Amino acid sequence: MLNPDPTPDDYYRIVKSEHQEFLRALGHLTLDWADLESAVRAVLKHYAGVSAPVARALFSGTRAKAAMNLIGSIAHNINLDPARLSDLEEVFPVISSINTMRDFMVHHVDGSMIEYDDRDPRFRKLSSVDTSSRQGKGKAYWISSSMVYDMCHDITQCCWRLLAHISKDEPFQPYLGPSGAPIPWRYKPPQPVQEDS
Numbered sequence: 726m727l728n729p730d731p732t733p734d735d736y737y738r739i740v741k742s743e744h745q746e747f748l749r750a751l752g753h754l755t756l757d758w759a760d761l762e763s764a765v766r767a768v769l770k771h772y773a774g775v776s777a778p779v780a781r782a783l784f785s786g787t788r789a790k791a792a793m794n795l796i797g798s799i800a801h802n803i804n805l806d807p808a809r810l811s812d813l814e815e816v817f818p819v820i821s822s823i824n825t826m827r828d829f830m831v832h833h834v835d836g837s838m839i840e841y842d843d844r845d846p847r848f849r850k851l852s853s854v855d856t857s858s859r860q861g862k863g864k865a866y867w868i869s870s871s872m873v874y875d876m877c878h879d880i881t882q883c884c885w886r887l888l889a890h891i892s893k894d895e896p897f898q899p900y901l902g903p904s905g906a907p908i909p910w911r912y913k914p915p916q917p918v919q920e921d922s
């Protein structure tokens, strides 16, 4: 946290430390997202009812969003068990929300020109204002390594929730945490900030 009367050196120290932590968090996010896409494809293969060779031929390279859409279509067409459907309907919006911010970060985070929040230098600006094709369409957010770690936490929970769908156990048993209840989601999408174009 900041000293009561922060000096420029205090800000620089916090920005530098946060930048290093942000890089670590992005590395975790990249690996965790790869795990998530594998889990989504495993659920797609399971509900499609195809063999591993056929799944490879049909679904290799399928991204999470497309795989979720296919799973949704299959669920509708086979009248998927309500408990399974309910679980997917809770998990998929979390994945979609994280995917939206992940894509935005990949394209708009700037590692060489960090603009940090004067009130709290742990937050850096993520902005598409200068790269948007139309004035007024760009967005800006204040983000931090903590937010990225929250995304990683939720991705891990999504993976566990998805893997329960390919279990042979009947009736379906959704993944529950050690307490016997679903682990609460941590990631809260940041609100866009007003910024001059």
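In our numbering, the protein residues as written are 726 to 922. Heads up, the beta-carbon is just placed ideally off N, CA and C, and yes, glycines get one too. It should be emphasised that the depicted structure is a prediction, and the values quoted were computed from it without experimental measurement.
Residue i vs residue j beta-carbon contact at 8 Å
| i | j | result |
| --- | --- | --- |
| Val740 | Ile868 | no |
| Ile820 | Met876 | no |
| Val831 | Leu851 | no |
| Pro807 | Glu743 | no |
| Val768 | Leu887 | yes |
| Gly863 | Ser871 | no |
| Tyr866 | Pro915 | yes |
| Ala923 | Glu814 | Here the chain has residues from 726 to 922 only, and residue 923 is not among them. |
| Thr856 | Asp757 | no |
Residues that residue i bridges to, as DSSP identifies them
| i | result |
| --- | --- |
| Ile868 | Arg849 |
| Tyr841 | Arg849 |
Exposure label - residue i; buried when at least 16 CB within 10 Å
| i | result |
| --- | --- |
| Asp760 | exposed |
| Pro909 | exposed |
| Lys770 | buried |
| Ile891 | exposed |
| Arg849 | buried |
| Ile796 | buried |
| Tyr737 | exposed |
| Asp843 | exposed |
| Asp735 | exposed |
| Leu754 | buried |
| Ala906 | exposed |
| Asp812 | buried |
| Ser922 | With a pLDDT of only 43 at Ser922, under the threshold of 50, the placement of this residue in the model should not be trusted; the figure read from the coordinates follows. The residue in question, Ser922, is exposed, as its Cβ has fewer than 16 Cβ neighbours within 10 Å. |
Cβ distance (whole Å) where residue i is taken to contact residue j below 8 Å
| i | j | result |
| --- | --- | --- |
| Val918 | Leu751 | In fact, because the Cβ distance is near 21 Å, the residues do not count as touching under 8 Å. |
| Ala773 | Ile799 | 6 Å |
| Thr787 | Arg766 | 6 Å |
| His879 | Arg827 | The question names His, but residue 879 in the sequence shown is Asp. 11 Å between Cβ atoms; not a contact. |
| Phe784 | Ala777 | Not really, about 10 Å apart at Cβ, beyond 8 Å. |
| Val779 | Cys883 | Rounded, the Cβ-Cβ distance is 25 Å, inconsistent with contact. |
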